[in-house]
């Protein structure tokens, strides 16, 4: 049975308990992969925050833990989005401006909007308190989860 690809996906980011980070993450299919555009507010001014797709679309836990680990269908070690080997959910870091706002864009070559093992639909996006060092296993020493959102279909 064929899978119909949604036109776009979105994750509406909500803060975890005790945090204020919020915003949106949009996903669209492009020839080279999936274009990801995020607009986030409430971050540490001038700070870097790890940014990942996690395996489960479950945001029921106040601390973001129900989202599970990084989305990693290939079984690769953690790394940066440009590393030769990395989790499919390794998106690198958001960099906040002096007001705590971040704008992020990336084309992820190893994601899909369609069904299948590389599909982002039904997963979650997590923003962490600390910068992803892009090397420490299994998650870049990224610290607590400060915002979470489920990736779902949109118009």
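Numbering (the numbering used here), first residue to last: 2 to 156.
Glycine is no exception: its CB is placed at the ideal position from the N, C-alpha and C atoms.
Between the region 28-38 and the region 94-101 there are fewer than three C-beta pairs closer than 8 Å, too few to call the two in contact. For residue 64, the closest of 154, 156, 130, 110 by C-alpha to C-alpha distance is 130. Straight-line spacing of the CA atoms in residue 48 and residue 132 works out to 8 Å. Counting the other Cβ atoms within 10 Å of the Cβ of residue 50 gives 16 or more, which makes it buried. In this chain, the beta strand (DSSP E) harbouring residue 15 covers 9-16. Residue 138 sits exposed, since fewer than 16 C-beta atoms from the chains shown fall within 10 Å of its C-beta.
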